[in-house]
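In UniProt numbering, the protein residues as written are 1 to 346.
Using N, Cα and C, we set each Cβ at its ideal position, and we do this for glycine too.
Beneath this line is the structure, given in structure tokens, with notes to follow.
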């Protein structure tokens, strides 16, 4: 996953002594534990990564990590535990099942822990390959109070879909009625994330950490629509389900846009958008991306930093239409994995 580098401060000549005094005056390690824990609650994944880099702990494995330190990985783990607790799930057996069957959690639950937003996910979306789906579900049913839903509407078969999804069905909590959506995929689960209709949802929780594919863009609450508008028509009217999702995240302060052209509100908010090179900048809709590039925000839990982790490498490019900044034309999107699988996006 991507290397994270702390930005160097650029100061004027003669200000070194002043900066040294400032750094002496404010030191994270000297803050009370309660205050540090409170500060961490308000940081998004980008800010957590920057803080961990400033602490010099970004690549530190669990054996060398300060055991009592309030730190970004602990905060991220706390958020995931809290999100799962809302659905009466214990984080440790859940992570164990995800590790055993190579499953991930995506959707609004992943976005909530990345942004530390105050909204509560309505459900949990778990993605797992078809060959691992049955034992994964059996494990959930055996270890929790969730049961398979017998309602016909709770099962959907996807035929002719280009997103890699084969089938989805629900597990329902026997007491609360809350749902876990199980999404079976014919490709590696991570690949399906990049077929989502918007970049703000291209995130996932794995047993080893959390990934936000459009790190800074998502943390600025900006999302690019992943479509050429071919399916929506010339008026760019989205499908009902997509439009419902757009309105939901709009209410949560997320701007979902087709491209940067004509969006002065977005362009003025971030100089990188105004100055970017189309097809090269990580957050340009015309740029080909991969999980190892610098646009990905990835927080790996310390206990997995010194271990070999099998991760399917994924490359993708968004489906986009029209002009971005200088690049014109409609481009089909695609998702390629190191397993040889391919998804084409319209």
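query, result
"8 angstroms contact criterion, which residue 259 and residue 320 should meet: CB distance rounded", "6 angstroms"
"8 angstroms CB neighbourhood of residue 25 in its chain, flanking five on each side removed", "Note that residue 25 scores a pLDDT of 44, beneath 50, so its modelled location is shaky; the value from the coordinates is reported in the next line. Excluding sequence neighbours, residue 25 sits near nothing in its chain."
"Where the alpha helix (DSSP H) containing residue 109 begins and where it ends", "108–115"
"Residue burial classification, residue 226 (beta-carbon count within 10 angstroms, cutoff 16)", "buried"
"Under 8 angstroms between C-beta atoms of residue 48 and residue 85", "no"
"Three-state secondary structure assigned by DSSP to residue 136", "helix"
"Distance, residue 303 Cα to residue 261 Cα", "43 angstroms"
"For residue 183 and residue 126, believed in contact at Cβ under 8 angstroms, the rounded distance", "7 angstroms"
"Enclosing beta strand (DSSP E) for residue 253 [first to last residue]", "Where residue 253 is concerned, there is no enclosing beta strand (DSSP E), given that its DSSP letter is neither H nor E."
"From 28, 281, 30 and 340, residue whose alpha carbon lies closest to that of residue 186", "340"
"Closest residue to residue 106 among 253, 201, 265 and 99 (Cα-Cα distance)", "201"
"Exposure of residue 35, with buried meaning 16 or more beta-carbon neighbours within 10 Å", "exposed"
"Residue 172 versus residue 268: straight-line alpha-carbon distance, rounded", "45 angstroms"
"Where residue 77 sits in the DSSP three-state scheme", "helix"
"Residue ranges of each beta strand (DSSP E) within the segment 170–242, 3 or longer", "179–185, 203–206, 209–212 and 222–224"
"For residue 282 and residue 293, believed in contact at Cβ under 8 angstroms, the rounded distance", "6 angstroms"
"Local conformation of residue 336 per DSSP, three classes", "strand"
"C-alpha gap between residue 244 and residue 206, whole angstroms", "27 angstroms"
"Three-state secondary structure assigned by DSSP to residue 163", "coil"
"Three CB pairs or more closer than 8 angstroms across the segment 311–319 and the segment 165–179", "no"
"Residue 126 - containing beta strand (DSSP E), residue span", "124–129"
"Outcome for residue 90 when other beta-carbon atoms lying within 10 angstroms are tallied against a minimum of 16", "exposed"
"DSSP beta-bridge partners of residue 297", "212"
"Unbroken stretches of the alpha helix (DSSP H), 4 residues or longer, contained in the UniProt domain \"F-box\" (25–52)", "33–40"
"Boundaries of the beta strand (DSSP E) in which residue 317 is found, first to last residue", "314–317"
"Cut-off 6 angstroms between Cβ atoms - residues of its own chain near residue 65, not counting five sequence neighbours on either side", "302"
"Distance CB(residue 104)-CB(residue 215) smaller than 8 angstroms", "no"
"Proximal residues to residue 145 (C-beta, below 7 angstroms), its chain only, five neighbours per side dropped", "88, 173, 174 and 175"
"Three-way DSSP call (helix, strand, coil) for residue 260 in this model", "coil"
"Selection from 204, 196 and 256 that minimises the alpha carbon distance to residue 220", "256"
"Euclidean distance between Cα positions of residue 310 and residue 100", "12 angstroms"
"Environment of residue 337 [buried if 16+ CB atoms lie within 10 Å]", "buried"
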